[in-house]
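Under our numbering, the sequence shown has 389 at position 162, and the numbering climbs by one with no breaks.
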Amino acid sequence: MYLVKSCFKKDHVKTRRTLRIGSLIEYRDTEIQQIADREEGTISISYDLHNFHIDPQLFNFINYNHHSENSAFIKDLIIGGNSAIIPGAIVLHKFTSTYTLKNFNRFIFCISLLENHEDARGIFSDYDDLWYVHIKNINKFAESIAYELLLTIKRKITSHIKLFEETPDPNKLSVKWNIKNISYEDRVINIDNSHLYVNAQHVIDALRHTYMIKPKTFAKEKEVRFAFDIYEENKLLHPLEKSIIIDASAILSMIQ
228 MYLVKSCFKK
238 DHVKTRRTLR
248 IGSLIEYRDT
258 EIQQIADREE
268 GTISISYDLH
278 NFHIDPQLFN
288 FINYNHHSEN
298 SAFIKDLIIG
308 GNSAIIPGAI
318 VLHKFTSTYT
328 LKNFNRFIFC
338 ISLLENHEDA
348 RGIFSDYDDL
358 WYVHIKNINK
368 FAESIAYELL
378 LTIKRKITSH
388 IKLFEETPDP
398 NKLSVKWNIK
408 NISYEDRVIN
418 IDNSHLYVNA
428 QHVIDALRHT
438 YMIKPKTFAK
448 EKEVRFAFDI
458 YEENKLLHPL
468 EKSIIIDASA
478 ILSMIQ
């Protein structure tokens with residue numbers, strides 16, 4: 228398996244020796260139609276629960292904003308007492324609501340996961356080149372990008388370049404990264420009793436990783452997404468930039 232990045236020949240990482248890390252707002256705002264996604268990092272999730280026995284922590288979780296602009300319409304919320312069936316649970320006699328979540332911006336890097344790197348040709352018709360990394364190097368690849376991204380951000384902030392809504396102390400910054408296959412599914416999610424009892428993890432994942440959901444129309448991309456979250460101590464920061472350029476020297480030996 229290979230991580231394959233489609234690109235223009237002039238922008239090949241070995242030519243530029245730099246790597247551009249994108250963001251959610253880049254894909255929302257770009258005029259490049261083959262990668263544009265106006266609803267990047269957005270879902271609508273509706274609940275229609277009746278006499279549902281739920282762990283209070285899960286109920287609080289589905290009502291949390293999850294680092295998103297969150298609009299909520301709660302039609303019915305009737306809470307009963309403690310569950311006589313599930314220890315520690317409460318009973319939702321009736322809960323009908325719709326939440327729309329639009330994730331705040333974060334840095335992401337998108338790449339295809341393919342059996343054969345040549346399979347990438349034609350996925351993005353406008354691109355005329357590609358480069359790839361063997362899947363065995365995925366963690367090293369991510370760690371190298373995260374390290375260089377953090378260095379770049381610290382340098383820019385020290386130079387008084389405003390990268391975030393906040394004004395962080397560069398000495399208190401850290402980066403956390405995660406990698407996940409994009410889930411190709413409808414961004415309108417309907418949850419009833421059966422769904423939440425049987426597949427609560429799907430709901431948790433959709434809320435926790437909203438930015439990892441894309442419609443099936445994008446499925447041919449077979450995307451793996453790297454998310455790089457910047458923290459000032461324990462506070463997640465939200466970048467203003469659509470993208471940021473980092474030095475690619477540390478990853479060049481992995482690239483073919």
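Quick reminder that beta carbons are idealized off the backbone N, C-alpha and C, glycines included. In this text, all values refer to a predicted model and were calculated from it rather than measured experimentally.
Can you tell me which of the three DSSP states residue i falls into?
i	result
Y254	helix
Y424	helix
L479	helix
A263	coil
I431	helix
R244	coil
P466	strand
Y354	coil
K329	strand
I472	strand
F235	coil
I317	strand
H344	helix
Terminal residues of the continuous alpha helix (DSSP H) containing residue i?
i	result
Y374	I365 to T385
L285	P283 to I289
Return the first residue and the last residue of the beta strand (DSSP E) that residue i is part of.
i	result
R452	E450 to E459
F300	S295 to N309
K389	Careful: K389 lies outside any beta strand (DSSP E) and carries neither H nor E.
I313	No beta strand (DSSP E) holds I313; DSSP gives it neither H nor E.
F336	F334 to L341
K399	It is not in any beta strand (DSSP E) - K399 carries neither H nor E in the DSSP assignment.
Using a 10 Å radius around the Cβ and a threshold of 16 neighbouring Cβ atoms, would you call residue i buried or exposed?
i	result
I306	exposed
P442	exposed
M228	exposed
S233	buried
P466	buried
F300	exposed
I372	buried
F235	exposed
Checking 8 Å against the spacing of the C-beta atoms, do residue i and residue j come in under that value?
i	j	result
I281	A433	no
V425	S339	no
L479	K241	yes
> How about the stretch 249-259 and the stretch 366-376: do they share at least three Cβ pairs that are nearer than 8 Å?
Replying inline: no
>> Count Cβ pairs between the stretch 348-368 and the stretch 313-332 that sit closer than 8 Å; are there 3 or more?
In response: no
> Do three or more CB pairs link the stretch 433-442 to the stretch 402-416 at distances below 8 Å?
Replying inline: yes
> Would you call the stretch 317-331 and the stretch 292-308 in contact, with 3 or more CB pairs under 8 Å?
Replying inline: yes
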